[in-house]
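I have placed the structure first, in the form of structure tokens, so that the comments after it can refer back to it.
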Amino acid sequence: MPATIWRGLSGVDTMNQTVNITIDGKTIKAPAGATVLEAALGAGIYIPNLCYHPDLSASGNCRLCIVQIHGMRGFPTACTTSVVEGMSVNTNGDELTGVRRNNLQLIIANHPLDCLSCFKNQRCELQRVAVFMGVKEGKLRSTVSPQVTDDTNPFFRLKRDYCILCGRCTRTCDEICGVNAIEMLHRGDATHVGVFGDKMLFESNCHSCGECVEHCPVGALAPHEPVVPDVETKTTCCYCATGCSIYLGVSDGKIKTVRGNREGQVNHGQLCVKGRYGISEFVQHPDRLRTPYIRDKEGLQPATWDDALSLVARKLATFSADEVAIVPSARTTNEDVYVAQKLARAVIGTNNVDNCARL
Amino acid sequence: MSLLKARFDAQVEWEAFNNPQKPQILIGRATCGEASGAKDVYQAVLDTISRLPIDADVHITGCLGTCYCEPLVDIIKPGMPRISYHSMIAEKVLPLLSDYLLNDNPRADWALGAWGQTCGDIPNLFDIPMLAQQKRIALRNIGVIDPQNFNHCLARGGYSGLERALGLTPDEVIDEIEKSGLRGRGGAGFPTGHKWRLCRNAKGDSKYIVCNADEGDPGAFMDRALLESDPHAVLEGILIGAYAIGANNGVIYIRAEYPLAIKRLTIAIEQLKNNGLLGEHILDTDFAFDLTIVQGAGAFVCGEGTAMIASIEGKRGTPRPRPPFSTESGLWGKPTNINNVETWACVSAIMAKGAQQFSSLGTGKSKGTKTFSLAGKIKRTGLIEVPMGISLQEIIFGIGGGIPNNKAFKAVQTGGPTGGCIPESKLLLPVDFEALIEAGSYMGSGGMVVLDEDNCMVEIARYFLSFTVAESCGKCIPCRLGTRQLLTILTEITQGNGNVSDFDTLYELGKSIRLSSLCGLGQGAPNPVLTTLAYFREEYESHIKEHRCQAGECRSLVSYTITAERCKGCGICLRQCPVSAIKGEKGHSHVIDSAKCTSCGNCLEVCPPRFGAVCRV
Ligand SMILES: Cc1cc2nc3c(=O)[nH]c(=O)nc-3n(C[C@H](O)[C@H](O)[C@H](O)COP(=O)(O)O)c2cc1C
Ligand code: SF4
Ligand code: SF4
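From first to last, the protein sequence lines stand for chains A and B.
Position one of the first sequence corresponds to residue 76 (our numbering), numbered consecutively onward.
Position one of the second sequence corresponds to residue 50 (our numbering), numbered consecutively onward.
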């Protein structure tokens, strides 16, 4: 199956073609090629789901988005069924909700119920489904059994006790990152997320980009020190020239979290390890240069931008064009690099320009 | 290259083999025979004829299906019919060969039957109860020919079905298969001709054929026996299918635990290549086909079509949601037609003998025959092929000879771990796809496990559930967690910790798992629970309400005591108790220390029946 990575980029542009379907008696227009689940969510009709994620191919494993479709046998999953003109969908018949409720009860019976101490509390998708379905307590025998936590990654840990095996992380690592560091291991009751050969994350080819953490619906994949910031500010990542759009989370005047902006045209929410986990350290590092420096006989001396730039301009004037080369810093944004190359080519008149925006 | 000359030569060889100048000795060497000592018997035959003044040819053959009396040795003595001898051991070889081949005593006492006629006191093999009611189509050659001798296959009509097919258009071949009414023998019973047509009509520059030889059900061994005993019946079917569908490549997916079947398939494929039946221009036509063997690592779920395709592609063997169906997008994204081993063997028979002969057998919607492996508490275990519509009664009591040790029949489990248990009241059920589903079970690939009064039905359900819990691919919630939940509840019931609300939970959850699992494994997993709940509810009740297991299988619910008046103090039980829970002086009555006793029941077994001092409560 071809990986449908970015619907925004490679997804079929189907918005111009629409089909009419009815969901719970309500007629809606849905983009041709959409799944029933996408159509419903798009029309503001919520169908419980956990293994679905708009960035990823459908897997159909949580069996919560089951629906009834006129003319189809049994309870097909909305996330794997494409819309067809005239389709009539029912999302909550008695028997259907009973089955869905049983599936939810099965997950709850296999999940630790210490929500209050979980970092995902209130943002957990399992909680959301339970609230939506009015399920307040477990009805089945607990099937929780202690699992090994992998905390060998420097930035996040995989706490398998909380994992619902939705496969969002493994699909993320495969379809978005193309790294395939983590996958489903073993089978049956013993199935778990991990690294081939049951190795630890630090022994794998994991890039630590943390995309899996972002895609985990529950508290299984979590940063080592989860923080909920006081405020978030939208900005552009300053680690390299790619220019990923991010939200910097700040508490107590310090950068605590970084979150990719899903609306960002450059990165569609994705980040690399440096952007996601490196920014706060780098931006707030005591050794970081905060002013320009000018070297005199006694060594480097702090200077003002005006002094520094005038000095550079004066010195540049003493060279012929091709004696000069411009190499902007790796931290420069794409736009600034563009300006720097304009300076080299149009103002100074040399092609000696390079940049190492290859982080 | 045409088969004309090769077939003529083969027929001459076969004729001479059956009417030989010197004795021909065949030893049944499929896995079942090997397991019961066929290798030693084979060696003993070689040793004996080298020591005695006997000039004989020694061959191997496959499995005749009479597992209860393996290993088999067949002897064709000049002027005599072929005679099969059962339960052979190395020690019996010398007396048999000298008595029969040197002294003309055919040892009727050791004979199972003579082929096609009675012979003195020896019955006609095909009249013995195990074989009389069978009708062999897929299994036409098993135990008859030497599976490694291509001439045996040709002489028995092998590849005449292919020759006929290549003379027809692909659509005519599909018509013929449709007319036969053949439905898939791998479990689901999908009409084979219809599947072929879907795949033929699917768009694609290349198409694939897959032969499903995964056979993961515990207790099922039809496909293994067939591949080991007559691989060409299957290969011919695959070639016919490939021609009909327009596939140029095929894969046989077989579990690595079947090394002998793999070896015989490999030999057979080599024979095909040498006879112009594989590669380009098969039998001088434009039809080209190549076939490879892919070995699976033995996961039950890899028998499911989409999981199998993932496994062949080197991915994790998990099913995926359908559509798209494999006939549109299967192996490497190409239209792919998957059929089961036995289905392929039926295909070659249908093309050779015509659809009519096949469809004249069976019931309304289930035509032809079906193979079953009989196992469990049954006198004649083995591999059988019977017309669809035959009753369970006839299979179990007629062919299988009923229950050993004068025990009472309790149930028969059909369809493997995702099938159900059918009680005595339904023994007259005609065995076909629909009737079995109606009884809450299904045909599956054809495993039949017979249970008697000593089997606890709750424990049986628990046993099958523990299989699905381990063998689910782990992908979807109802299957992975649902079967785990059912198993937890059943385990508690067998330990006497169930409660009355469990009836509803088991039933509700079972239904829900059936309705919402992604693939057939999960959908069928609750069947053992649902059928035992429906047919043996009183057993659940006695476990839950009275903490009693009538069959005495649930260890936590039984205890053993020694009746002082009957105990003679012989000490047998004391010596046999694995946990030293029994105490007592010689000649004085013994006692069981209940704190130590693990309820294994050994003492009950070993206490001499004339004392009968140990009792189970
Ligand atoms: C869990 C599971 C296991 C299966 N195992 C086998 C198997 O071992 N052999 C087989 O032929 N079919 C098996 N099947 C059925 C196949 O999915 C498929 O229906 C069959 O191979 C198609 O061939 P047929 O039409 O000739 O029966 C299995 C199905 C499921 C759901
Ligand atoms: S770790 Fe999270 S994303 Fe991955 S399978 Fe488990 S619950 Fe799903
Ligand atoms: S039903 Fe079971 S075996 Fe089938 S996909 Fe779901 S978890 Fe896997």
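Note that beta-carbon positions come from the ideal geometry of N, C-alpha and C, so glycine has one too.
B:Q73 and B:I124 have their alpha carbons spaced roughly 6 Å apart. In the DSSP annotation of this structure, B:T580 is not part of any beta strand (DSSP E); the continuous alpha helix (DSSP H) holding it starts and ends at N576 to Y584. Counting other Cβ atoms within 10 Å of its Cβ, B:E508 reaches 16 or more and is therefore classed as buried. Relative to ligand 2, the beta carbon of A:A295 is positioned inside 7 Å of a heavy atom. Where A:N124 is concerned, there is no enclosing alpha helix (DSSP H), because DSSP gives it neither an H nor an E.
Within chain B, no residue has its CB atom less than 7 Å from the CB of A:V254, the nearest being about 16 Å off. With a cut-off of 7 Å, the C-beta of A:P292 is classified as near ligand 2, since at least one heavy atom of the ligand falls inside that distance.
By alpha-carbon distance to B:L151, the top candidate from B:I593, B:L441 and B:D104 is B:D104. In chain order, L240, M259, H261, R262, G263, D264, A265 and T266 make up the part of chain A whose C-beta sits under 8 Å from the C-beta of B:G523. Identification of chain A residues near B:E520 by a Cβ-Cβ cut-off of 8 Å yields R262 and G263, ordered along the chain.
Taking 8 Å as the cut-off, the beta carbon of A:G318 is found closer than this to the beta carbon of A:T408.
Close CB contacts of B:L275 within its chain, under the 8 Å cut and outside five residues either way in sequence, are with A187, L188, I191, A282, V283, V390, E391, A394 and T420 (chain order). Not one heavy atom of ligand 2 sits closer than 7 Å to the Cβ of A:V270. For B:M497, the enclosing beta strand (DSSP E) has its first and last residue at G496 to D501. If you compare the alpha carbons of A:G263, A:D249, A:H290 and A:E289 with that of A:V270, the shortest gap goes to A:D249.
The beta-bridge partner set that DSSP reports for A:K309 consists of A:Y322.
Of all residues in the segment 175–188 of chain A, those with a C-beta nearer than 9 Å to a C-beta of chain B are R175, R176, N177, N178, L179, Q180, L181, I182, A184 and N185, reading in chain order.
For B:P472, the enclosing beta strand (DSSP E) stretches over residues G469 to P472.
Taking a cut-off of 8 Å on C-beta distances, the segment 120–140 of chain A touches the segment 520–531 of chain B, as three or more cross pairs fall below it.
Taking a beta-carbon distance threshold of 8 Å, A:N136 counts as an interface residue toward chain B. For the set B:G469, B:L476, B:S474 and B:P120, the Cα lying nearest the Cα of B:M492 is the one of B:G469. Distance from A:G324 to A:T332 at the Cβ level is roughly 3 Å; contact confirmed, criterion being Cβ atoms closer than 8 Å.
Burial state of B:Y512 is buried, judged by a 10 Å Cβ sphere holding 16 or more other Cβ atoms.
Short note on B:L514: C-beta not closer than 7 Å to any heavy atom of ligand 1. Taking a Cβ-Cβ cut-off of 8 Å, the neighbours of A:F150 in chain B comprise L564 and S565, given in sequence order. Within the segment 201–226 of chain A, those residues whose Cβ lies closer than 9 Å to any Cβ of chain B are, in chain order, K214, L215, R216, S217 and T218. Taking 8 Å as the threshold, the shortest C-beta distance from A:T155 to chain B falls below it. For A:Y352, the number of other beta carbons within 10 angstroms of its own is at least 16, and it is reported as buried.
B:A662 sits close to B:I611, with the two beta carbons spaced by under 8 Å.
Residue environment analysis places A:M147 among the exposed positions, since fewer than 16 neighbouring C-beta atoms fall within 10 angstroms of its C-beta. Residues of chain B with a Cβ closer than 7 Å to the Cβ of A:I321 do not exist; the shortest Cβ-Cβ separation is about 34 Å. Think of a sphere of 9 Å around the beta carbon of A:I141: the chain B residues whose beta carbon falls inside it are L564 and S565, in chain order.
Excluding five sequence positions before and after A:I182, the CB atoms of its chain that fall closer than 7 Å to its own CB belong to L201 and I239, given in chain order. Taking 8 Å as the upper bound for CB-CB distance, B:L500 and B:A488 are not in contact here, some 15 Å apart.
The Cβ-Cβ distance between B:A460 and B:I471 falls below 8 Å. The segment 339–371 of chain B contains, as complete alpha helix (DSSP H) runs of 4+ residues, the segments 354–361 (chain order).
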